[in-house]
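J.:
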Amino acid sequence: MKRLFALLCVVAVCLTTPLYAATTAAAADEKYPSKKALQREWTYEGVAFENRGGNDFANMVVATLQMQSSQIEQMAGIKAGDVELTFDAKQVVANYRNEASAKCDYTYNAKTGAITLSGKTDYKSYSIEGVVVLRDDAIYIFFDVNKLLALAKDINPDIAQNSQLKTLQQMLSSQQGIFIGAKFTR
42 MKRLFALLCV VAVCLTTPLY AATTAAAADE KYPSKKALQR EWTYEGVAFE NRGGNDFANM
102 VVATLQMQSS QIEQMAGIKA GDVELTFDAK QVVANYRNEA SAKCDYTYNA KTGAITLSGK
162 TDYKSYSIEG VVVLRDDAIY IFFDVNKLLA LAKDINPDIA QNSQLKTLQQ MLSSQQGIFI
222 GAKFTR
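Numbering (the numbering used here), first residue to last: 42 to 227.
(1) For the stretch 78 to 94 and the stretch 197 to 210, state whether three or more C-beta atom pairs, one from each stretch, are separated by less than 8 Å.
(2) Starting from Ala-99, trace the alpha helix (DSSP H) both ways and give me its first and last residue.
(3) Relative to the alpha-carbon of Ala-223, which residue among Ala-78, Asn-96, Tyr-181, Gly-171 has its alpha-carbon at the smallest distance?
(4) Near Asn-100, what residues of its chain come up, given a Cβ to Cβ distance below 6 Å and the 5 sequence neighbours on each side ignored?
(5) If contacts are defined as beta-carbon pairs under 8 Å, then Glu-170 and Thr-157 qualify, I think. What distance do you get, rounded to the angstrom?
(6) Using only alpha-carbon positions, find the residue among Pro-74, Arg-176, Asp-146, Asp-195 that is nearest to Tyr-164.
(7) For Val-124, list the residues DSSP reports as bridge partners.
(8) Give a yes or no on whether the C-beta atoms belonging to Val-133 and Tyr-149 are separated by under 7 Å.
(9) List the endpoints of the continuous beta strand (DSSP E) containing Ile-169.
(10) Of the choices Ala-151, Lys-72, Asp-178, whose alpha-carbon is the least far from that of Thr-84?
(11) Is Ala-151 near Tyr-73, with beta carbons less than 7 Å apart?
(12) Tell me where the alpha helix (DSSP H) around Ala-193 begins and ends.
(13) Does DSSP put Thr-226 in a helix, a strand or coil?
(14) Buried or exposed, going by whether 16 or more other CB atoms sit within 10 Å of the CB of Gly-160?
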């Protein structure tokens, strides 16, 4: 389970369809790290939610989720400092409390912030697209929440039985533009 969680950290930090909102909703002043700046060790600081192209209701959902960040982290069993990401030229490795780790390949476009992570777990291949944003010497890695939930269920079908995730998925299934991610610092 810890290995799966580390993998989901990569996936969550770390779907198969193009980013429809992340690139179109980006603010004109949004900054993306260079690939060289990305290639270092980053420490998890907290969960983040963002409306990247949804409607006003999506803004309310994001605000509600952000207010519940600590409960979400507690439910996931993660807190600041628990995950370290290390990017090299082609791979990213996530270490979870030095108890479990996972790695995957990645491609990154510094002009748009688009990142694609891909790998294989339990004989299942996966690919996930997200966006990396640079803010105040920290990076935020965001993924479409609906696609991330679908990927998590595909990787581990037992997750589909979790009542809290079922509720979250029902609440978010009709919303577009809601992204979940994480803040990482050096």
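We put the CB at the ideal spot given by N, CA and C, even for glycine.
T.: Looking at the atomic coordinates:
(1) no
(2) Along the sequence shown, read from residue 1 onward, the residue named residue 99 stands at position 58. Residues 97 to 108.
(3) Position 182 of the sequence shown, counted from the first residue, corresponds to residue 223. The option with the nearest alpha carbon to Ala-223 is Tyr-181.
(4) For the purposes of this step, residue 100 is taken as the residue at position 59 of the sequence shown. Within the same chain, Asn-100 has close Cβ partners Asn-92.
(5) Here residue 170 corresponds to residue number 129 of the sequence shown, with the count starting at 1. Here residue 157 corresponds to residue number 116 of the sequence shown, with the count starting at 1. Correct: roughly 5 Å between the Cβ atoms.
(6) In the sequence shown, the residue the question calls residue 164 occupies position 123. Selected option, being the one with the closest Cα: Asp-195.
(7) The residue labelled residue 124 in the question sits at position 83 within the sequence shown. Beta-bridge pairing links Val-124 to Tyr-137.
(8) What you label residue 133 is simply residue 92 of the sequence shown in a count that begins at 1. What you label residue 149 is simply residue 108 of the sequence shown in a count that begins at 1. No; because the gap between Cβ atoms is not below 7 Å, this pair is not in contact.
(9) Within the sequence shown, residue 169 is the residue found at index 128, counting from 1. 165 to 176 is the extent of the beta strand (DSSP E) around Ile-169.
(10) As a position in the sequence shown, residue 84 is number 43, starting the count at 1. Checked all of Ala-151, Lys-72, Asp-178; the closest Cα to Thr-84 is Asp-178.
(11) To locate residue 151, count along the sequence shown from 1; it is residue 110. To locate residue 73, count along the sequence shown from 1; it is residue 32. Contact: yes.
(12) Within the sequence shown, residue 193 is the residue found at index 152, counting from 1. From DSSP, the alpha helix (DSSP H) with Ala-193 extends over 186 to 196.
(13) The residue given as residue 226 occupies position 185 in the sequence shown. The answer is strand: DSSP assigns Thr-226 an E or B state.
(14) Counting from one through the sequence shown, the residue named residue 160 turns up at place 119. Buried, because 16 or more other Cβ atoms sit within 10 Å of the Cβ of Gly-160.
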